[in-house]
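Trainee: Have a look at the structure that comes next, please.
In this note's numbering, the protein residues as written are 2 to 507.
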């Protein structure tokens, strides 16, 4: 087992890995940009090293700086988390060159599965079903020809894509040139690679993924499926496990296909195989993510597996301690991605300083977060600031717990998408499991229907923050309880930023 592990990431995922290291008796090393100097992952780690300015290209994407920190710390392993360099084969190669272990698959596999065109070809050869598509496009003329062959609507996708970047749906030939230009620019900006290909665009479909983990000894285990259909612009917002669309027979097919995909590339460590599922039960491979997923907590909830600890064990050369027959899914889990963005203003990112946080708790509630009062939410990084997950004996209980937990979650200082999540939890189609990848566009109108509740949340949170700083005289002489509060002049008070609903006064 490793003695010291460097975490090449930030925020809640870095903190999650620090905690796993602490439980496993491994010394943890954090890296941080100047804007993250006071972050929780820095405070909790055993050591921390500055790797550059706030801009990700000069810090969290700076492989030489990260490897220099690794050298100085004497770390014998590097965990990339997700995002940033997690699927960059050059970081894995740099680790090999330095003689330290990369907690993930080999650079060759990362490289192969990162090229979506090559990945499709490998999966087809292995018998994994894939959507009709093209090779990498070399010209607009070829794109027109391929789109006509495949048939509209189509999806223009980046060959090095991920996270919904460099992706455009096209419904007619007149829209194709503009979509190609836009996708090409976005792909070049986000991935340093402007390559594109075309895939058949299917709707309505569900986005289903299978979590896999494998070791050096040929053991590949699939840990059930996750439903990721609630997404906006191809970026996931809510996930759950299991899926309402998957019965036991379909689940076995999904798991078998995912295991076949992993074995086709001699996959090692944690990964996720992603599919589209249509109304007829047809399964088609989309891609394989060669890293830990944002939504791994819900798989941990329903299987009882510690994915982060197990991927560290596998990377160190240990055998998996369980086999496919040992995996039992219990209950239901849901994850809401809490982001600093305004759902009533086109989900625009929100920046500022967190001035108040009140986190939810109680049975079946898990919060993966690195929030604290005084934290600066900056423009330099992804707006994801927390992941709220709930578990229930069935889906209804998981939804009810999520609704309750969301209503308890108070964040002041930036807008968040908590009101959006509350609306989804109350949506009848969602509660009955009628989902597809167009759910958000079809169901969420962005109307400020929670406006009064949201304003009350702000006022209550600000009041609570102030009362903490007041002397004991603020309590009543009669019973020692904190005095209540009355509605104040709405026009004279800050109406935003707010977050969450408020069901009762304090």
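Beta carbons: idealized from backbone N, C-alpha and C, even for Gly.
1. Please return the same chain residues whose Cβ sits closer than 7 Å to the Cβ of residue 202, not counting the five positions on each side in sequence.
2. Would you verify that the beta carbon of residue 315 is, or is not, closer than 8 Å to some beta carbon of chain D?
3. If the criterion is Cβ atoms closer than 8 Å, does the pair residue 3 and residue 27 meet it?
4. Measuring only the C-alpha atoms, how far is residue 390 from residue 177?
5. Pull up the DSSP beta-bridge partners for residue 350, would you.
6. Please classify residue 97 as buried or exposed, where buried requires at least 16 other C-beta atoms within 10 Å of its C-beta.
7. Between the alpha carbons of residue 193 and residue 59, how many angstroms are there, rounded?
8. Identify every run of the beta strand (DSSP E) within the segment 263-287, keeping only runs that are complete inside it and at least 3 residues long; order them along the chain.
9. Mind checking whether residue 335 and residue 414 have CB atoms under 8 Å apart?
10. Looking at residue 233 and residue 348, is the spacing between their C-beta atoms short of 8 Å?
11. Name the DSSP beta bridge partners of residue 33, please?
12. So what does DSSP say about residue 198, is it helix, strand or coil?
13. Are the segment 321-340 and the segment 390-400 touching by the rule of at least three beta carbon pairs closer than 8 Å?
14. Where does residue 226 fall in DSSP's three states?
15. Whole alpha helix (DSSP H) runs in the segment 121-199 with 4 or more residues, listed along the chain?
16. Straight-line CA distance for residue 100 to residue 318?
17. Taking residue 252 and residue 241 to be in contact with their CB atoms under 8 Å, please state how far apart those CB atoms are, rounded to whole angstroms.
18. Does the count of Cβ pairs from the segment 62-69 and the segment 104-120 closer than 8 Å reach three?
19. Please look up how many angstroms separate the CB atoms of residue 52 and residue 39, rounded, as I've assumed it's under 8 Å.
20. If the criterion is Cβ atoms closer than 8 Å, does the pair residue 380 and residue 404 meet it?
21. Given a threshold of 16 other Cβ atoms within 10 Å of its Cβ, counted over all protein chains shown, does residue 158 qualify as buried or as exposed?
22. Where does residue 393 fall in DSSP's three states?
23. Nearest by alpha-carbon distance to residue 437: which of 160, 118 and 204 is it?
24. Near residue 421, which residues of its chain fall below 6 Å by C-beta distance, leaving aside the five closest residues on each side in sequence?
25. Just to confirm the assignment, what range does the beta strand (DSSP E) spanning residue 569 have?
26. Looking only at C-alpha atoms, which of 271, 351 and 168 sits nearest to residue 80?
27. Nearest to residue 551 by CA position, among 13, 9 and 7, is which residue?
28. Is the segment 178-191 close to the segment 266-286, with three or more CB pairs under 8 Å?
29. Quick check: residue 256 and residue 206, are their CB atoms within less than 8 Å of each other?
30. Within the present structure, is the beta-carbon of residue 125 separated from the nearest heavy atom of the ligand SAM by less than 7 Å?
31. So the candidates are 75, 6 and 225; which of them puts its Cα closest to the Cα of residue 23?
32. Residue 419 and residue 410: beta carbons closer than 8 Å?
33. In whole angstroms, what separates the C-alpha of residue 478 from that of residue 400?
34. Report back the beta-carbon spacing between residue 358 and residue 377 to the nearest angstrom; my notes put them in contact at under 8 Å.
35. What separation, rounded to the nearest whole angstrom, lies between the Cα atoms of residue 222 and residue 261?
36. Exposed or buried, residue 46, counting other C-beta atoms within 10 Å across all chains shown (16 or more means buried)?
Mentor: The structure says:
1. The beta carbon of residue 202 lies closer than 7 Å to those of 154, 155, 156 and 170 in the same chain, with the five residues before and after it left out.
2. Protein chains in the displayed structure number just one, and chain D is not present.
3. Yes, they are a contact pair.
4. The alpha-carbon atoms of residue 390 and residue 177 are separated by roughly 39 Å.
5. For residue 350, which the question treats as bridged, DSSP gives the partners 342.
6. Label assigned to residue 97: exposed.
7. Rounded to whole angstroms, the gap between the alpha carbons of residue 193 and residue 59 is 15 Å.
8. Counting only runs of 3 or more residues that sit fully inside the segment 263-287, the beta strand (DSSP E) segments are 270-279, in chain order.
9. Not a contact, by the Cβ cut-off of 8 Å.
10. Contact flag set, yes.
11. Among the bridge pairs identified by DSSP, residue 33 is matched with 51.
12. Reduced to three states, the DSSP call for residue 198 is strand.
13. Per the Cβ contact rule, the segment 321-340 is in contact with the segment 390-400 (3 or more Cβ pairs under 8 Å).
14. Correct three-state label for residue 226: strand.
15. Within the segment 121-199, the complete alpha helix (DSSP H) runs of at least 4 residues are 141-151 and 177-192.
16. Going from the Cα of residue 100 to the Cα of residue 318 covers about 15 Å.
17. Actually they do not touch by this definition, with Cβ atoms about 14 Å apart.
18. Three or more beta-carbon pairs separated by less than 8 Å are not found between the segment 62-69 and the segment 104-120, which leaves the two stretches without contact.
19. The C-beta distance from residue 52 to residue 39 rounds to 15 Å, too long to fall under 8 Å, and the pair is not in contact.
20. No, the pair does not count as a contact, with Cβ atoms beyond the cut-off.
21. The residue is buried, with at least 16 neighbouring Cβ atoms inside 10 Å.
22. DSSP places residue 393 in the strand class (E or B) of the three-state scheme.
23. It is 204 whose Cα lies nearest to the Cα of residue 437.
24. Taken in chain order, the residues that qualify are 344.
25. Residue 569 lies beyond the residue range present for the chain, which begins at 2 and ends at 507; the question has no answer from this structure.
26. That would be 271, whose Cα lies nearest to the Cα of residue 80.
27. Examination of residue 551 is not possible in this model, given that the chain is present from 2 through 507 alone.
28. No: the two stretches stay apart, fewer than three of their Cβ pairs being nearer than 8 Å.
29. Pairing residue 256 with residue 206 gives a Cβ-Cβ distance that is not under 8 Å.
30. Absent from the structure shown: the ligand SAM. Ligands present: none.
31. Looking from the CA of residue 23, the closest CA among 75, 6 and 225 belongs to 6.
32. Between residue 419 and residue 410, the C-beta spacing is below 8 Å.
33. Because the pLDDT at residue 478 is just 32, under 50, the model does not fix this residue reliably, and the point stays unresolved.
34. With 8 Å as the limit, residue 358 and residue 377 do not qualify as a contact, their Cβ atoms being about 13 Å apart.
35. Looking at the two C-alpha atoms, the distance is approximately 11 Å.
36. Looking at its Cβ environment, which holds 16 or more other Cβ atoms inside 10 Å, residue 46 is buried.
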